[in-house]
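Enquirer: Protein chains in written order, with the working numbering: chain S, 1 to 321; chain F, 1001 to 1326; chain X, 2001 to 2287; chain E, 3001 to 3343.
Ideal Cβ placement from N, Cα and C applies to all residues, glycine included.
The structure presented is a predicted model; accordingly, all values stated were derived computationally and were not measured.
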Amino acid sequence: MCLMLSYLLKRLFHVVTTLLVLSLIIFAVLHLTPGDPARIMLGPEAPEETVEALRVKLGVKDPLPLQYIRWVGNALRGDLGDSYFRNESVASAVGKHLGATIALSVWSQLLAILVAVPAGVYAAKNKGGKVDAAVAAGTLAGISVPSFLFSLILILIFGVWLKWLPASGYKTLSQGIGLHFRYIALPVISLAFMQASLIARITRSTVADVTSAEYIKTALAKGVPGTSIMFKHALRNAFNPILTTIGQTFGLLLSGASVVETVFNIPGLGQLMVSSILKRDYPVIQGLVLITSLVYVAVNLVVDLLYGVVDPRVRVIGENA
Amino acid sequence: MAPLLRVDGLRTEFRTLRGSVTAVDGVSFEVEAGQMFGLVGESGCGKSVTSQSIMRLYDEKKLARHSGKAILDGEDLLSVSQKRMRQIRGRDISMIFQDALSSLNPVFTIGWQIQEALKMHQKLGKRESRERAIEMLRLTGIPSPDKRVDCYPHELSGGMRQRAMIAMALVCTPKLLIADEPTTALDVTIQAQIMEMIVDLKDRLNMGVLLITHDLGVVAQTCSRVVVMYLGQVVEEGDSCDIFDNPRHPYTIGLLRSVPSVSTKKGDPLPVIQGSVPPLDKAGAGCRFADRCPLADEGCKIEPPALVDLGGGQKARCRKLDLTGG
Amino acid sequence: MSEQVLKEARREQRKVMLGAILGQRVALAGFFIMVLIALLAILAPVLAPQGPYDINPLDRLLPPSPKHWFGTDSLGRDLLARTLYGLRISLTVGGETALLSTVIGLALGLLSGYFRAVDNVVMRICEGMMAIPPMLLAIALVAALGSSSENVVLSMCVAYMPMVARVARASTLSVKEQTFIEAIKSSGAGWPRVLFGHIAPNIMSPVIVQATYIFASAIIIEAAMSFLGAGVPPPDPSLGNVLYDAKSVIFKAWWTTVLPGLVMVLTVLGLNILGDGVRDAMDPSGK
Amino acid sequence: MGEKVVLEALGVSKFFYARTKKDGKRQVVKAVDNVSFKVRENETFSLVGESGCGKSTTGRTVMRLLEPTEGKVLFMGENIMDRKGASLKQLRRQMQMIFQDPYSSLNPRKAIGRIIEEPLEIHHIGNASERREMAISALKQVGLREDQFYRYPHEFSGGQKQRIGIARALILEPKILVCDEPVSALDVSIQSQVLNLLQEIKDSSGVSLLFISHNMSVIRYISDRVGVMYLGRIVEECETARLFRRPGHPYTKALLSAVPEPSPNLRTERVELQGEVPSPLDPPSGCAFHNRCAYATPLCSAKIPERQEVETEHYVECHYAKELLRVSQQSHVLAQPAVMGRR
């Protein structure tokens, strides 16, 4: 088991360096912003000394490294600073809007995986057949139609013409499961369409490569039936690349969610992001980017650890081959 | 007594982007039980296509079309259903390949993969099948098999991986073992150990072995009967003593002479077969070796030669056999 | 003498290569769609009945008609004009992003694939950047630098450059192990000739494929950013702005969403098909 | 072959430091361990041994493609260890190499004319048209046609690609050509064509060959002298015919006996060789072969054997070299039918 442990430590060290670089980039972005936060908060007429006093209080005057360390220190303690315009801390603002985005992204990622992996495997299994062509065309459309456009079209068809589903708004799970799903059906479908296409394309090509590997021929020569060749031998080897894709596309999901939330005006992080941009509320923007990146890094860390479990060779080399 | 395996007029066509290509064109031979039968030829001559066609490993819906017969113990493998074929593969006829690192599944232990072969054909308890796997590994000469059984393929050396693959193929004691270049990727000292082990197990299990290789030395030292293939066709067949001492087909003669052996004098140029193997779809109408054969005349280029029986079980596919007498 | 033979051989070789390229049907399909899209963008002034900015509130939200093929938007501007000029902006923004991020990414990938010291530094930074969802990073940068099409291109480059670097690095690492690299080194070649003369040409195909995918997703991301108000500033008619205006009137005038949307999807589809075509063309097993 | 020594290795070693640590110390892989040999003018000196014995690493180290950890290499009598920059590049021109895998030894994106020409460009020899002329003559010298000048590597067979590699190496008229398993990836009939080509070139241009292979019959045909390598050391070195007639070192005997003769009537009397080559990460103490040697004594596992000259120019690295040579039968290849496979 010590191999597994050393692999674990290597991955953790890897993540820490990524987080360090991440925080530096986000901090740098904040300090690229022109303009003066104190002046923005107090408005143009406020006298210079009070604005100056506020600047000192905000610590904007201190040398940059100090500000960075303070910012990271606070962030580790969960304090992401205060919003310029909403008289609440960034953390609480994010907390309020987190629920909707989590629901949206988790459901759409699940739907995407449930649709994409079987489709990809089936298309790879009978390569060149009708199903393969259908999956190829569908996934090509999936990555070519932007999620906000697809949402608009869904609204048009199901909201405006057929009136089956509400065109916008959001109900939390606690307000009734049926209600909750009625409201998030369209946004989840539109998000899942692009996600599923990305995952299906990679699944199809990975499984196709794996099924042409030598050990598949050996399994055939042992008299192993087709189904267990596909699900035991092939999928187990194709599992890692597919897992990596799911990890990476989670990043796209988070950005896609903010767009879909705007279209369906769901009170999620996306909407918070849009309003912060319009008002140039930098701490909130910065906090949002940090949190979504942390979620992304966490998801990929889990993917890396699963890597070691699935593929014994990876424990030795230390990176996902 | 009837041969263990009788291959009669085996023909395999592949559908490729550029139309269909006949990789194996009318191959026939017979393998006895307990016999080491050599299938020799250079790369691209169709020897491993022949073996994989007998095992029907190709996708017959989209890729390959077989014709002719391959009768194992009275049952024609080419015409039975895929379901029946799955019962035969691994139990009556099994196969080993050239590079065990890519032929063993990297994410399962060799013990698991050997027990899978057992599970396919026999109903055994978990503990007993693990015992059988360890016993089989010991039989193929792997040191401390009880520890190695739980290793992954990448944790073993080249020789040991090859032994694990052989153990997997023989765990259900098949009647016929097809070995497709089993020792090509190994060093010569390991190769000698592995070949000796295969011959020993062949005698112990009274098994027929179809050995596919391009290494004339290995064939000479281990096989009793040999078939030489060129561009998808059998060009010569016979007992290995006759083939090596008195080869009759110009290709076999050229092949044997171009291998530097004890008798070759150092320094003077090696005898050589001119030109190189033409691609399959460009093979001429007549004798496929015509454009490289020193004895070829116009007739050879037009008229496809038949397999002439020279007596004593030796046959050659050539119109100029009178010129190549021993 | 041999001069004539060589010239003949060179011409014959070119014919073979051309034949091979024409054989790739998928890539050709993608290429033709892109030519069509480019023509639409270039001929915008000719095709559009009026400029994209001329407002005349009288004929607000007219359905498609012979005069206005795509109808008009909520301010009475001709939708065909706005879509075609928007296509022009989206293509330039997407193209600049793809080009810039490919050039930088290729250089970084080549260097970090070849020199281990550079590798550790560059790859850590790239991983850090890639951890941030591309659109959020782009939006944050635009919010910081102020919204103009240059800033949009710049911020999208920051998001996409690591992706190209990763592909370039992976290809460099695998080509570096090939024997012909050791051969040219043993002939006395210095690292510049090895890296740019021999490794770079062999990693162009995967990088080009990545560039086309980036071009396609840059168009989508730009449109999404404009949709969120962080893209090309209105009144410039980027496809995102056109669709953003259309959102508010979707109930009354569905065509203001569907028609520009179709043009955008066709563009992105063309690029993705081209990307798939080039990838299949260079994948040896595809033959 | 001439008397002048073109290349001499003196106690050359090449160690690699494994990433994995074992009881605190980074594990050392002694890929090449204190190797010495000479290659005279127009002579073919061969290194033979099984995979992992260090023969390819030796070839690359004496050419300074890999930096040696210890020892000296003399080229035309002059030490080349401290050569740098331009003088190292000058050395490259005189020592060239051909490689094993024809499919990855040529840049797929360049026409073969360009591939053959490029070494001339690197060393600024002649102008463009002169370079093209030299490339065309090199092309013809290896048996290819002038009109293939603009063809790309994927249009050639394995044997032809190997010829292009040879043309590329010869265009600089090197003093010594290091051949790393040049025919191992080729079919038998193509193999003999390439071996003949190498022999012709050696006779016509007087170049020396440092030939590396694991195939004993190829070694027997092409080499003037042979060095047998095991776990990074040359365990035996002598003139080719004598090595095959009366091998001194037990490993050489086992290696020769394992080579299957391509005729059923000649059965090699097998020297049983147990187990496999030990991992170079922790080689056995003393003589590296002692754990597999039939004649091993406690002395063998205690001390690394000295290199003894058992006969003129016949060196064996074994404590009992002289006694074993006397015992070694006249010829280990007995003329009786191979019983192994007989039914």
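Report back the beta-carbon spacing between P3280 of chain E and K3030 of chain E to the nearest angstrom; my notes put them in contact at under 8 Å.
Expert: Indeed they touch by this definition, with Cβ atoms about 7 Å apart.
Enquirer: Which of the three DSSP states is assigned to R86 of chain S in this structure?
Expert: It is coil, neither helix nor strand.
Enquirer: Does A1167 of chain F come out as helix, strand or coil in the three-state DSSP assignment?
Expert: Helix, per DSSP.
Enquirer: What is the rounded straight-line gap between the Cα of G2094 of chain X and the Cα of F2215 of chain X?
Expert: For G2094 of chain X and F2215 of chain X, the distance between alpha carbons rounds to 5 Å.
Enquirer: The beta strand (DSSP E) with D3180 of chain E in it runs from where to where?
Expert: I3176 to D3180 is the extent of the beta strand (DSSP E) around D3180 of chain E.
Enquirer: Cβ of T18 of chain S less than 9 Å from any chain X Cβ?
Expert: So, interface residue.
Enquirer: Pairs of beta-carbons, one from the region 2048-2063 of chain X and one from the region 2249-2259 of chain X, closer than 8 Å: are there three or more?
Expert: The region 2048-2063 of chain X is in contact with the region 2249-2259 of chain X.
Enquirer: How is R3151 of chain E classed by DSSP in three states: helix, strand or coil?
Expert: DSSP places R3151 of chain E in coil when its eight states are reduced to three.
Enquirer: In whole angstroms, what separates the C-alpha of L235 of chain S from that of P1305 of chain F?
Expert: Approximately 49 Å, taken between the alpha carbons.
Enquirer: Rounded to whole angstroms, what is the Cα-Cα separation between E3269 of chain E and L3231 of chain E?
Expert: Cα to Cα, the separation comes out at about 25 Å.
Enquirer: Which of helix, strand or coil does DSSP assign to S3285 of chain E?
Expert: Note: S3285 of chain E maps to coil in three-state DSSP.
Enquirer: Using a beta-carbon distance below 9 Å, is M3063 of chain E in contact with chain X?
Expert: By this cut-off, M3063 of chain E is an interface position.
Enquirer: Three or more C-beta pairs under 8 Å: does that hold for the region 1212-1221 of chain F against the region 3252-3269 of chain E?
Expert: Verdict: yes, contact present.
Enquirer: Thinking C-beta only, is S1276 of chain F closer than 9 Å to S3189 of chain E?
Expert: Against a cut-off of 9 Å, the Cβ pair of S1276 of chain F and S3189 of chain E comes out as a contact.
Enquirer: When you compare only the Cα positions, how much space is there between M1197 of chain F and L3106 of chain E?
Expert: Distance between the alpha carbons of M1197 of chain F and L3106 of chain E: 40 Å.
Enquirer: Classify M2161 of chain X as helix, strand or coil using the three-state DSSP reduction.
Expert: Helix.
Enquirer: Counting only beta-carbon atoms, is E2127 of chain X nearer than 9 Å to chain S?
Expert: Output row for E2127 of chain X: interface = yes.
Enquirer: Can you grab the Cα-Cα spacing for the pair A2041 of chain X / G256 of chain S, in whole Å?
Expert: C-alpha separation (whole angstroms): 27 Å.
Enquirer: Which residues in chain E sit within 7 Å of V2005 of chain X, going by Cβ to Cβ distance?
Expert: What V2005 of chain X touches in chain E: E3146 and D3147.
Enquirer: Given this structure, state the Cα-to-Cα distance separating F2196 of chain X from G1038 of chain F, to the nearest angstrom.
Expert: In a straight line, the C-alpha of F2196 of chain X is about 50 Å away from that of G1038 of chain F.
Enquirer: Using a cut-off of 7 Å between C-beta atoms, extract the partners of T1264 of chain F located in chain E.
Expert: By Cβ distance, chain E contributes Y3221.
Enquirer: Counting only beta-carbon separations shorter than 9 Å, does G2229 of chain X have a partner in chain S?
Expert: Answer yes: the Cβ-Cβ gap between G2229 of chain X and chain S drops below 9 Å somewhere.
Enquirer: Of the residues X:V2158, X:P2206, X:V2035 and X:I2125, which one's Cα is nearest the Cα of A2218 of chain X?
Expert: A2218 of chain X has its Cα closest to that of X:V2158, out of X:V2158, X:P2206, X:V2035 and X:I2125.
Enquirer: Taking a contact to mean a Cβ-Cβ separation below 9 Å, would you say P3305 of chain E touches G3275 of chain E in this structure?
Expert: Their beta carbons are not under 9 Å apart, which means P3305 of chain E does not touch G3275 of chain E by this criterion.
Enquirer: In chain order, what residues of the same chain lie with their CB nearer than 6 Å to the CB of S3331 of chain E, ignoring the 5 residues before and after it?
Expert: Residue placement at S3331 of chain E is flagged as unreliable, the pLDDT there being 43, under the threshold of 50; the coordinate-derived value follows with that caveat. Excluding residues within five positions, none has a Cβ falling inside 6 Å.
Enquirer: Which residues, in order along the region 218-251 of chain S, keep a beta-carbon less than 8 Å from a beta-carbon of chain F?
Expert: From the region 218-251 of chain S, only T218, A219, L220, A221, K222, G223, V224, P225, H233, R236 and N237 have a Cβ closer than 8 Å to chain F.
Enquirer: Check the DSSP bridge columns for H3314 of chain E and list the partner residues they point to.
Expert: DSSP lists E:E3311 as partners of H3314 of chain E.
Enquirer: Which residue from E:L3266, E:E3236 and E:E3272 puts its Cα closest to that of F3045 of chain E?
Expert: Per the Cα distances, E:E3236.
Enquirer: Determine whether the Cβ of L1270 of chain F lies closer than 9 Å to any Cβ atom of chain E.
Expert: Interface residue, yes.
Enquirer: At what residues does the alpha helix (DSSP H) containing T1173 of chain F begin and finish?
Expert: Segment: none, T1173 of chain F is in no alpha helix (DSSP H) and carries neither H nor E.
Enquirer: Where does S3189 of chain E fall in DSSP's three states?
Expert: It is helical.
Enquirer: Tell me the DSSP secondary structure of L1017 of chain F in three-state form.
Expert: DSSP places L1017 of chain F in coil when its eight states are reduced to three.
Enquirer: For a cutoff of 9 Å on Cβ pairs, would you count N3196 of chain E as touching chain F?
Expert: Output row for N3196 of chain E: interface = yes.
Enquirer: Please tell me whether P1003 of chain F has its Cβ less than 9 Å away from any Cβ of chain E.
Expert: It does not; no Cβ of chain E falls within 9 Å.
Enquirer: Taking 9 Å as the cut-off, decide whether the C-beta atoms of Y84 of chain S and V284 of chain S are in contact.
Expert: Cβ distance < 9 Å, so Y84 of chain S and V284 of chain S count as in contact.
Enquirer: Hey, is E3067 of chain E's beta-carbon within less than 9 Å of any beta-carbon in chain X?
Expert: It does not; no Cβ of chain X falls within 9 Å.
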